[in-house]
Structures are given as structure tokens and as C-alpha cells.
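So the structure is just underneath, and the comments pick up after that.
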Amino acid sequence: MQIITRNPNQTIKLGMAISGLLQKGDILALFGNLGSGKTTLVKGIAKGLRVKSRIVNSPSFVLLKEYGGRLPLYHFDFYRIEKPEETYGIGLEEFLFGKGVCVIEWADRIRRLLPKQYLRLNLKFLDKDRRKISMNGFGRRYKELVKKYENTRI
Ligand SMILES: Nc1ncnc2c1ncn2[C@@H]1O[C@H](COP(=O)(O)OP(=O)(O)OP(=O)(O)O)[C@@H](O)[C@H]1O
Ligand SMILES: [Mg+2]
12 MQIITRNPNQ
22 TIKLGMAISG
32 LLQKGDILAL
42 FGNLGSGKTT
52 LVKGIAKGLR
62 VKSRIVNSPS
72 FVLLKEYGGR
82 LPLYHFDFYR
92 IEKPEETYGI
102 GLEEFLFGKG
112 VCVIEWADRI
122 RRLLPKQYLR
132 LNLKFLDKDR
142 RKISMNGFGR
152 RYKELVKKYE
162 NTRI
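Per the numbering used here, the sequence shown starts with residue 12, numbered consecutively.
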């Protein structure tokens, strides 16, 4: 599944569409360079889950934010992490297998801590306003999710 968004609002809408099928315990790993739209996508997911999007700013200095909505959203940004060990203090596992949805920016920084099953989202900067966003499911739950997302229109 792959989609090209032509402005930030379309990326937000894609995030909202993605949020619709999310369940407790789901893990979304976001890969993509600086400015590729990861936080914008999370804003859409947050909006779709009805968490207060106002407080979802790019948390480059923050490892974790937790918000209440249809489901809790655990939003991680590991940009500043050099080694996965640096996250040991935050109890990542409790969130990964917790009561909400985990969304991880810069998931490549903690790749070996990711469970076997997760939804992988790759974001690519094409030009000033266009981003290519592709989705891959690892494990049965996420393969099925990707199938359901195939027909997403934004
Ligand atoms: N189609 C688009 N989708 C998302 N963002 C877009 C798009 N077109 C332009 N932009 C702009 O690109 C920037 C994306 O920033 P955003 O913080 O979402 O990226 P990021 O991947 O989270 O970066 P970082 O790695 O620094 O956290 C924003 O300024 C946004 O307005
Ligand atoms: Mg970001």
C-alpha cells in the first residue's frame, strides 16, 4: 500500500483514516528523514483517535507523550537516541504491550527493540509538498490491516 500526499492536510487525513482501524496494543513504526511528515501523520492519527491534537507538537526533545482519546496514544520520538539502551528507563515494553496505540518516530533508532509484529510506515520526501507514504505489515494482524487500508482514499 502506497500513497502520495500533496500537502500536510492530506497527510493528516491519511493519519485519520489509519486511526479508524487501530486497536489496543497496535504498534506503528515510522521511518523517514527529517521533515518527511512523521509528526504530521501522528497529528492525523491523534485527531482520528480524538486526542487533543493541540498538544501533539514535534516532540524532538521528548521520548514519550501520552494522550487520552478513543484509545490512549503513546507517541515516541527517538531522533535523539543513539543506542537502543538509552530507552531502557522508560519502560518501553509496558507501552508496546499496553492499553493504547504506540506510534514511534525514528523507529530505526530502536529497531532491535521492536517486536516481530508491527505496522511499518515509510515516509519519503519527494518535493516541497509531496510525500510518499508506504505501509508494510509484519505479522498477521498487520498484514490484514494493510489489506484493509488498500482502498483508503483521502
Ligand atoms: N504532503 C505533506 N505531508 C506532510 N508534511 C508536509 C507535506 N507537504 C509539506 N509538509 C511540511 O513538511 C513538514 C513535515 O514536518 P514533520 O514535523 O511532520 O516531519 P517529521 O518527519 O516529523 O520530521 P522530524 O524528523 O524532524 O520529526 C511540515 O513543515 C509540513 O508542513
Ligand atoms: Mg517529527
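Ideal Cβ positions, reconstructed from N, Cα and C, are used throughout, including at glycine.
Considering only heavy atoms of ligand 1, does any lie closer than 6 Å to the CB of residue i?
i: K49; result: yes
i: L45; result: yes
i: D140; result: yes
i: N133; result: no
i: P95; result: no
i: N18; result: yes
i: T163; result: no
i: T98; result: no
If we ignore side chains and look at the alpha-carbon of each, how far apart do residue i and residue j end up?
i: P95; j: L103; result: 10 Å
i: P126; j: R152; result: 13 Å
i: Y160; j: G31; result: 10 Å
i: E77; j: T51; result: 17 Å
i: Q21; j: T163; result: 12 Å
i: L45; j: K158; result: 28 Å
i: S69; j: Q34; result: Low confidence applies to S69: its pLDDT is 48, below 50, so where it sits in the model is not reliable, and the reading given next is rough at best. Rounded to the nearest angstrom, the two C-alpha atoms are 24 Å apart.
i: L25; j: L124; result: 27 Å
i: L82; j: D140; result: 30 Å
i: K110; j: M146; result: 23 Å
i: V112; j: R17; result: 26 Å
i: I29; j: M12; result: 12 Å
i: V62; j: V53; result: 11 Å
i: I1; j: I144; result: Nothing about residue 1 can be read from this structure; the chain reaches only from 12 to 165.
Per the DSSP calculation, residue i is bridged to which residue(s)?
i: N133; result: F42, S145
i: V114; result: L39, H86
Given that a residue counts as buried once 16 or more other Cβ atoms are within 10 Å of its Cβ, and exposed if not, what is residue i?
i: G79; result: exposed
i: K154; result: exposed
i: Y85; result: buried
i: F106; result: buried
i: R142; result: buried
i: L137; result: exposed
i: G48; result: buried
i: G100; result: exposed
i: I56; result: buried
Report yes if the C-beta of residue i is less than 6 Å from at least one heavy atom of ligand 2; otherwise report no.
i: E116; result: yes
### Task
Decide yes or no for the touch test of the region 27 to 41 against the region 120 to 130: beta carbon pairs closer than 8 Å, at least 3 of them.
Yes: at least three Cβ pairs fall under 8 Å.
### Message
Does the region 79 to 93 come into contact with the region 102 to 121, if we say contact requires no fewer than three beta-carbon pairs (one atom in each stretch) closer than 8 Å?
### Response
Touching, yes.
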